[in-house]
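In my numbering, the protein residues as written are 1 to 79.
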């Protein structure tokens, strides 16, 4: 018997610090495909914070919603 694979626990932020908040507005609107999963991976934030950030970016007109499903939101840059 093996104990299975041990996955490292991610240490993602639950609130924005100044540096991450600035990166959000600088980098994210340049991505071609934007999902909450990508923000979690690239900015090291948790999922609920990523969804809230995407809503804020959409309200400011920096990104545009492509597809909305209860489990996945897909955005692209606003051109």
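Cβ atoms here follow ideal geometry from the backbone N, Cα and C, with glycine treated the same way.
Whole-Å CB distance - residue i paired with residue j, under 8 Å assumed
i: residue 12; j: residue 40; result: 6 Å
i: residue 57; j: residue 28; result: 6 Å
i: residue 20; j: residue 45; result: 7 Å
Buried versus exposed call for residue i [16 or more other C-beta atoms within 10 Å across all chains shown]
i: residue 66; result: exposed
i: residue 33; result: exposed
Sequence-distant residues of its chain with Cβ nearer than 8 Å to residue i (five each side left out)
i: residue 73; result: 35, 36, 51, 54, 65 and 67
6 Å CB neighbourhood of residue i in its chain, flanking five on each side removed
i: residue 24; result: 53
Near the ligand GTP: residue i beta-carbon under 6 Å from a heavy atom
i: residue 5; result: The model depicted lacks the ligand GTP and carries no ligand whatsoever.
7 Å CB neighbourhood of residue i in its chain, flanking five on each side removed
i: residue 47; result: 36 and 40
Unbroken alpha helix (DSSP H) run spanning residue i, endpoints
i: residue 31; result: No alpha helix (DSSP H) contains residue 31, which DSSP labels as neither H nor E.
Segment limits, beta strand (DSSP E) that includes residue i
i: residue 68; result: 63-68
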